[in-house]
Structure formats: C-alpha cells, structure tokens
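Structure record follows, encoded as structure tokens.
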Amino acid sequence: MSTMYEDDAVSAAQCYRHPGRETLVRCGSCERPICTDCMVETPVGMRCPECARGPRTTADARVARARRQSAGRYVTIALIVVNVVAFVFEYIRAGNGPIDSGLLFDMGGVYGPAIAHGEPWRLLTGGFLHGGTLHIVLNMMALWFIGTILEDGIGAVNTALIYLAAVLWGSAGAVLMDPTTVTVGASGGVFGLMGALLVVARQQGVRELTTSLVFTLAINLVFTFAVPGISIGGHIGGLLGGVVACLLLTRRGQVSSRPSPVGVAAVGVVAAAAVAAGVYLAHNPVRSTAGLAPPSASIVAVGVLRG
6 MSTMYEDDAV SAAQCYRHPG RETLVRCGSC ERPICTDCMV ETPVGMRCPE CARGPRTTAD
66 ARVARARRQS AGRYVTIALI VVNVVAFVFE YIRAGNGPID SGLLFDMGGV YGPAIAHGEP
126 WRLLTGGFLH GGTLHIVLNM MALWFIGTIL EDGIGAVNTA LIYLAAVLWG SAGAVLMDPT
186 TVTVGASGGV FGLMGALLVV ARQQGVRELT TSLVFTLAIN LVFTFAVPGI SIGGHIGGLL
246 GGVVACLLLT RRGQVSSRPS PVGVAAVGVV AAAAVAAGVY LAHNPVRSTA GLAPPSASIV
306 AVGVLRG
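For the sequence shown, counting from 1, position 257 maps to 262 in the working numbering; every step adds exactly one.
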C-alpha cells in the first residue's frame, strides 16, 4: 500500500498546530483544521485549544473563515454542473412530455440489453441522468454536502477517482440486480463518496464524524431496501466501489492529495473491472432476457429505477 502514497505530497488539510498531520476535522468556531491531539470536546462540538479557552477576535475568525472558503471544491462543483446540464437537456428533449424510460434510454440510461449490444458507455452516462426534479435535487444536495467535506479533506484528484469508480460499480450493480430496467441517477457515486468519507474518518479516529456517517448511511440503506423504485444494486455497488477505491488511495489512515501513479493505476483497474463486470452481466444476466426485443428508441414499457 505504501507505493500508493507520495510522502512529499501536500495534504489537502493539515492541522494548523502540527503541519504534516492530515485531518478532516475543523474547529466548529474558527474552522481551522485540527488533528486528534488538538481536538477539545465542548458542549457545542469540537474546538481547537484557543477557541476552547475563550472567544477569538473578530479579525482572527474572519481570517480563519477566509482560509476555509478558499479550499478547492472544484470537482464537486463540476460534478453538480454536469448533472444539472444533463437534466436541462432531458427537459429540452422531453418538450411537453414526461421524462420517461424511453427518453432516459435514448440519453444513455443503464440498460442491460443495450450494453450487451455494444453500448458499454451507458455504465458511465447513466450516473449523470435523473428521472425527475426531486430526484436530482436530493442527489445534488447529498453530493454537495458529502463531496465538499471529502474533497476538502483528501483533495480533488482523489475525490474524482473515487466518484468515477463508484459510479461505474453502481451501474454494474444495477445491471446485476435489474438488467432489463432503465436505471439512472448519481446516488451510486454519492454512496461511494459517503463510504470513502466513512473510511477516512474512521482511520483518523474522528469519532463524531464517524458516528454521524454510520447513522446517515444506515438510514439511507433502509430507504434503499424499503422504498420501491430505488436501485438496490446501484446503491450497494456504488458504496462498495467508493470504499475499495478509497482504501487503494490510503496508507495508514492518510490520503495524499496528489496520489501516486500506482495509486491512480490501481483505481483505474477497479474502474475497468466495473466496466468488464457490467458488460459480462449484460451478456449473462442473472434474470433471463429471453424473448426481449433488441433495444430501440421506442422502449417505454420498462420501468425506471432511480439511483
């Protein structure tokens, strides 16, 4: 695992009192990054030693907040923009009609028979399409809250790599569970980011964040299995893909903001394996597709699963 980490890489967030110690936790008052040795538990959350002793000056708080806001969140923002632009195109193509399975199929939704007929790119494009306004709003809110925390902690490149692996494995999971249903949605990637954030938080011993993530993940998994129309394979596949990708970029609980070429290659193998698995499952579905008509733009009878 050590070859997947650059010792001289600049960390995305380092303790302000102990340079070199990477952390995901920030003081709830001044928002400066703090390591486990500097965390002071207070009735209102984690604080740095200075804020725990007493109020800081307005100038100090303003400087700290400016540093916090300057942190790069480019990947998270870019992912949201791509999803929103794709949704706008869906509305334009739908015209006065609904965003149904036929439209989502035409635009690249995950659909096993189409993948088996030489369209593996659907494993990626399906993760950027959505079945309605509420669907995309909920996913983009989750992507913003989770993505910004993770990107601020481990860097843009790692976040992008993890998201890619999660989307592809989420799509492969959808093909496994529902090969003849058009599946769309970004939540495979969101689940992957959530799993990655949980891995890093647990490795760094951030108990408060770990507990919160476990609770959030548990609630989302309950909804995944209990609510009809949600892609179980997409969520579970995305979660596993994100966790595995994060572990490949991790060394002793630390993640370099600039992963080594070996680390990038390892995640690339994970992503390629997802594509291979998706194509294989499309050709060899768990559920029989015998008698199913070849995919075409007229398909409207199949259901739509939201991921």
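All C-beta atoms, glycine included, are put in the ideal place defined by N, C-alpha and C. Just so it is clear, the structure is predicted and the values come from calculations on it, not from any experiment.
- The three-state secondary structure of R37, taken from DSSP, is coil.
- Each of F220, L198 and V205 was checked against the Cα of G242, and the nearest Cα belongs to L198.
- In this structure, the CA atom of A287 is about 21 Å from the CA atom of L108.
- The residue from P184, A270 and C32 with its alpha-carbon nearest to that of Y285 is P184.
- For the pair T255 and G178, the Cα-to-Cα distance works out to about 24 Å.
- Across the structure, S265 and G100 are spaced so that their CA atoms are roughly 46 Å apart.
- For T138, the uninterrupted alpha helix (DSSP H) run begins and ends at T138 to I159, by DSSP.
- For T130, the uninterrupted alpha helix (DSSP H) segment begins and ends at R127 to T130.
- Note: E46 is bridge-paired with M51 in the DSSP secondary-structure output.
- With respect to the C-alpha of F196, the residue from E213, R212 and I224 having the closest C-alpha is I224.
- By the C-beta criterion, the segment 163-170 is judged not to be in contact with the segment 39-54, since fewer than 3 inter-stretch pairs fall below 8 Å.
- Ranked by how close their Cα comes to the Cα of V204, the residues A276, V248 and E27 have V248 in first place.
- Using a Cβ distance threshold of 7 Å, G273 and V180 do not count as a contacting pair.
- Pairing C56 with C35 gives a Cβ-Cβ distance under 7 Å.
- Check the Cα spacing between L214 and each of V269, T186, L155 and L173: the tightest is with L155.
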